[in-house]
Every structure is written in structure tokens, then in C-alpha cells.
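Chains as they are written, first to last, in the numbering used here: chain D, 454 to 547; chain Y, 40 to 183.
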């Protein structure tokens, strides 16, 4: 199961398992975002490289128009996968 | 003289269709196996990520469009093993394939190329053979 929700404060919430089969759904949701974007991963249970690539592309797209991407509330596992791909060094993760 | 007996649990090998719709039954197999053996949560999570990377890599890049992909999971003593049999695949040695450069600035990073880094970082042992037209990848993870 994977879902994308937006809460009342405009924070994007990713929920469930973001695997290669779900990356297209996540890509559609992330492609609509503009400006300064915060993505909550509190309920994201799992991520693989297909999902990681979406955040590189989203960061690059937002930065071109002066926006930012901030990832918050990562579980230990999700944070570890970002670390293995060295994305914890170059993306804004809190 | 003491003889050391190994305990080996082999899950049933399954064949999967070569498309991303196979990921749901693939994870069902992974979760059932992990639930049947004693594995800490961090190791289980790493094992699943590396397994998915190898499985999706076989779906996308092996060049054999219709043949199924075989997956076998086992635990022997303190080792978990994931074996992928890529039927009819062109030879591609994942253990020696060049890695993408992850040190470039984020503006220049490509969205792909991270899966192989992740697999090699997670695997304690990784091997590849090509026999009778099949590529066989074996990833082993030592339990902590």
C-alpha cells in the first residue's frame, strides 16, 4: 500500500511502501508541487532507489524556480537508505 | 569430537512474471520468509531493499522480455540468502559492473544508478554466475 496525502498545513505525507511499482504514483504527486515543499515521511515504511530518484528530480525542479524541498520525520530505515545513496549529504533532511 | 550441524531453512522457490506488477507477490514472499525466521528489523529491512533492487534490475535490464524470474530465499545458521535466477538473460556481472558517481553535486545527480550502490553496501557476500543461458545472482546477508 502506498498513498500521498496533503495535510491542512500544506505538508505532503507519504504513507506505506514506496517501491519501484509505486514510484509512478509518487512522481505524479510530486510533479504538481511548487515553491517551498515539505514532505513528511513519518508514515513511510519503506523506500528503495526508485523512490530516492524522485527526490533528486523534485529537488532539481524546485531549485530551478527558487523553491526548496525539505524531507522530515524519516524512520531509521528510510534515513539509512538515503544514507546508502549519499543523499543525506545533499538533500535537506530534518 | 563435536560435529557442528547447520540449520537450513529453504523457502519454496517461486517464479515471477517479468513486470512491476510482480512486486506485490514478491514482497508477500519476502515478508512471509522474514516472518518465518528470526531476523532483526534493521537486517530485514536492508535485505528487502537489496532484494527489490536486484529484482527490479532484472525486470528492467536483463533483455529477456518474456521469461520468468526465479527467486529462492533461505537462511542457514547466521546467514540469509537471496538467489535470483534470471532465465534467458544476457550476461551482466553485477559484482563488477561500474558504479555511478554519487559524489557529484545534487544539481548533476542522475535519478538512477543508486540501486547497485545500495546492493553492494547491504550485501555481505554477492556473487554472479551465468550458466546455461541463466544469470544467477546470490546475495548473502550476515545476521547481527
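Even for Gly, the Cβ is constructed at its ideal location relative to N, Cα and C. From a predicted model like this one, the values you see are computed outputs, not experimental measurements.
* For chain D, find out if any of its Cβ atoms is closer than 8 Å to the Cβ of residue 59 (chain Y); answer yes or no. => At least one chain D Cβ lies under 8 Å of residue 59 (chain Y).
* Going by DSSP, which residues form a beta bridge with residue 456 (chain D)? -> D:468
* Asked: Using a beta-carbon distance below 8 Å, is residue 40 (chain Y) in contact with chain D?
  -> Unreliable positioning characterises residue 40 (chain Y) in this predicted model, as indicated by a pLDDT of 45, which lies under 50. A coordinate reading is not provided.
* Asked: Do we get a CB-CB distance below 8 Å when we pair residue 179 (chain Y) with the residues of chain D?
  -> no
* Using 10 angstroms around the beta-carbon of residue 63 (chain Y), count the other beta-carbons present and answer buried if the total reaches 16, otherwise exposed. => exposed
* To do: Answer yes or no: do residue 538 (chain D) and residue 505 (chain D) have a C-beta to C-beta separation smaller than 8 Å?
  => Contact: yes.
* To do: Please confirm whether residue 146 (chain Y) and residue 458 (chain D) have their CB atoms less than 8 Å apart.
  => no
* Asked: Looking only at C-alpha atoms, which of D:528, D:495, D:516 sits nearest to residue 544 (chain D)?
  -> Cα-wise, what sits closest to residue 544 (chain D) is D:516.
* How would you list, in chain order, the residues of chain D whose beta-carbon sits under 9 Å from the beta-carbon of residue 95 (chain Y)? -> Residue 95 (chain Y) reaches chain D at 472, 473, 474, 501, 502, 503, counting residues in chain order whose Cβ is nearer than 9 Å.
* Asked: When you compare each of Y:182, Y:179, Y:173 to residue 108 (chain Y) by their alpha carbons, which one comes out closest?
  -> Y:173
* Asked: Cβ of residue 494 (chain D) within 8 Å of Cβ of residue 525 (chain D)?
  -> Yes, Cβ-Cβ distance for residue 494 (chain D) and residue 525 (chain D) is below 8 Å.
* Coil, strand or helix - residue 54 (chain Y) by DSSP -> It is a strand residue.
* If we ignore side chains and look at the alpha-carbon of each, how far apart do residue 240 (chain Y) and residue 489 (chain D) end up? -> Outside the modelled stretch of chain Y, which goes from 40 to 183, sits residue 240 (chain Y), for which no answer is possible.
* **Minimum Cβ-Cβ distance from residue 546 (chain D) to chain Y less than 8 Å** => No, residue 546 (chain D) lies away from the interface with chain Y (no Cβ there is under 8 Å from its Cβ).
* Quick one: is residue 487 (chain D) near chain Y, going by C-beta distance under 8 Å? -> no
* Proximity test, residue 472 (chain D) beta-carbon vs the ligand ADP heavy atom, cut-off 7 Å -> Ligands are entirely absent from the displayed structure, and the ligand ADP is therefore not among its contents.
* Measure the alpha-carbon distance for residue 69 (chain Y) versus residue 78 (chain Y) and round it to whole angstroms. => 12 Å
* Asked: So, is the C-beta of residue 92 (chain Y) closer than 8 Å to a C-beta in chain D?
  -> With 8 Å as the cut-off, residue 92 (chain Y) counts as an interface residue toward chain D.
* Which runs of the beta strand (DSSP E) fall wholly inside the stretch 48 to 135 of chain Y and span at least 3 residues, in chain order? -> The stretch 48 to 135 of chain Y contains these whole beta strand (DSSP E) runs: 53 to 55, 108 to 115, 118 to 126.
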